[in-house]
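Note sheet for the following structure.
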Amino acid sequence: MKASQTTPWNLISGILGVTCLLLMATMGILLKNLYSKQSIQRTFSPDAITELQKGSSCCSCPEKWIGDQCNCYFFSGELKTWKESRDFCASQNSSLLQIQNGEKLHFAISSTYYYWIGLSYHKERSAWLWEDGSTVSQDLLPLVQGLRKEKCVMYSSARSVLDEPCEEKYRFICERKLI
Numbered sequence: 001m002k003a004s005q006t007t008p009w010n011l012i013s014g015i016l017g018v019t020c021l022l023l024m025a026t027m028g029i030l031l032k033n034l035y036s037k038q039s040i041q042r043t044f045s046p047d048a049i050t051e052l053q054k055g056s057s058c059c060s061c062p063e064k065w066i067g068d069q070c071n072c073y074f075f076s077g078e079l080k081t082w083k084e085s086r087d088f089c090a091s092q093n094s095s096l097l098q099i100q101n102g103e104k105l106h107f108a109i110s111s112t113y114y115y116w117i118g119l120s121y122h123k124e125r126s127a128w129l130w131e132d133g134s135t136v137s138q139d140l141l142p143l144v145q146g147l148r149k150e151k152c153v154m155y156s157s158a159r160s161v162l163d164e165p166c167e168e169k170y171r172f173i174c175e176r177k178l179i
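The UniProt record's numbering numbers the first residue of the sequence shown as 1 and each following residue consecutively.
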């Protein structure tokens with residue numbers, strides 16, 4: 001008699017167990033999809049990226065690039081030397097970041113990392129020049145005056161620059177101008 005009474009309870013507990021497993025599997029799939037979408041967003045940069053400025057309807061950037069004001073930016077998670085960074089950007093039809101004024105990156109950098117940018121010292125011209133040959137703007141000039149000329153330049157979210165040996169490996173920012 002006891003065996004027949006426990007059979008319905010065994011059946012009910014089995015059904016409840018299977019139901020719990022199905023609910024847990026469904027929840028796992030939903031969470032995986034939620035977090036994979038967030039991680040795709042964050043692959044643009046290894047850092048937390050602040051809100052992008054709106055109104056950049058002319059941008060059509062490649063995957064993992066951030067569009068802002070008709071330019072595309074790539075924030076590397078990979079560490080490279082300054083030359084390797086410059087070569088990577090060139091292979092992507094872009095260049096290392098060129099900052100014309102202190103406001104340029106207020107939309108994107110919000111971390112403690114420093115990034116290689118496209119500024120270097122040219123001995124022939126005795127001046128700090130961007131990759132395109134242009135000079136540093138007057139509002140950025142005070143930032144670079146204390147830098148050592150034999151080193152390469154990095155930029156941080158604190159709008160500060162740092163000089164480091166060019167052979168050291170750091171993150172970098174590529175910029176692709178669309179207009």
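Beta carbons are placed, not taken as given, at the ideal position from N, Cα and C, and that holds for glycine.
Could you give the residue range of the alpha helix (DSSP H) that holds residue i?
| i | result |
| --- | --- |
| Ser126 | Careful: Ser126 lies outside any alpha helix (DSSP H) and carries neither H nor E. |
| Arg86 | 82-91 |
From the DSSP output, read off the bridge partner residues of residue i.
| i | result |
| --- | --- |
| Met154 | Trp116, Leu162 |
| Asn10 | Its beta-bridge partners do not exist; DSSP assigns none. |
| residue 231 | Because the chain here runs from 1 to 179, residue 231 falls outside it and cannot be looked at. |
| Leu21 | Answer is none; Leu21 lacks a bridge partner. |
| Ser95 | Glu175 |
| Thr135 | Leu129 |
Take residue i and list the residues in its own chain whose beta-carbon comes closer than 6 Å to its own, dropping the five residues that flank it on each side.
| i | result |
| --- | --- |
| Glu167 | Thr81 |
| Leu143 | Val161 |
Please report how far the alpha carbon of residue i lies from the alpha carbon of residue j, in whole angstroms.
| i | j | result |
| --- | --- | --- |
| Tyr115 | Asn93 | 19 Å |
| Ala90 | Glu84 | 10 Å |
| Glu124 | Cys61 | 36 Å |
| Cys20 | Lys64 | 38 Å |
| Gly77 | Leu23 | 36 Å |
| Leu11 | Cys72 | 60 Å |
| Met154 | Arg148 | 12 Å |
| Ala158 | Phe88 | 25 Å |
| Lys169 | Leu79 | 5 Å |
| Gln38 | Thr112 | Model confidence at Gln38 stands at a pLDDT of 38, short of 50, so the residue's coordinates are unreliable; what they give is reported in the following sentence. C-alpha separation (whole angstroms): 21 Å. |
| Thr6 | Gly28 | 33 Å |
| Ala127 | Leu140 | 13 Å |
| Gln69 | Phe172 | 20 Å |
| Glu131 | Cys174 | 12 Å |
| Gln145 | Gly133 | 18 Å |
| Pro8 | Gly14 | 10 Å |
| Lys177 | Gln98 | 10 Å |
Please list the terminal residues of the continuous beta strand (DSSP E) segment that includes residue i.
| i | result |
| --- | --- |
| Cys174 | 171-177 |
Would you say residue i lies against chain D (beta-carbon separation less than 8 Å)?
| i | result |
| --- | --- |
| Glu84 | Here chain D cannot be found, since the structure has a single protein chain. |
Spatial neighbours of residue i within its chain, please: CB distance less than 7 Å, with the 5 preceding and 5 following residues excluded, ordered by chain position.
| i | result |
| --- | --- |
| Gly17 | none |
| Lys151 | Asp163, Glu164, Pro165, Cys166 |
Give a single yes or no on whether residue i has its beta carbon closer than 7 Å to a heavy atom of the ligand PLP.
| i | result |
| --- | --- |
| Trp128 | For the structure depicted, the ligand PLP is absent and the ligand set is empty, with no information on it obtainable. |
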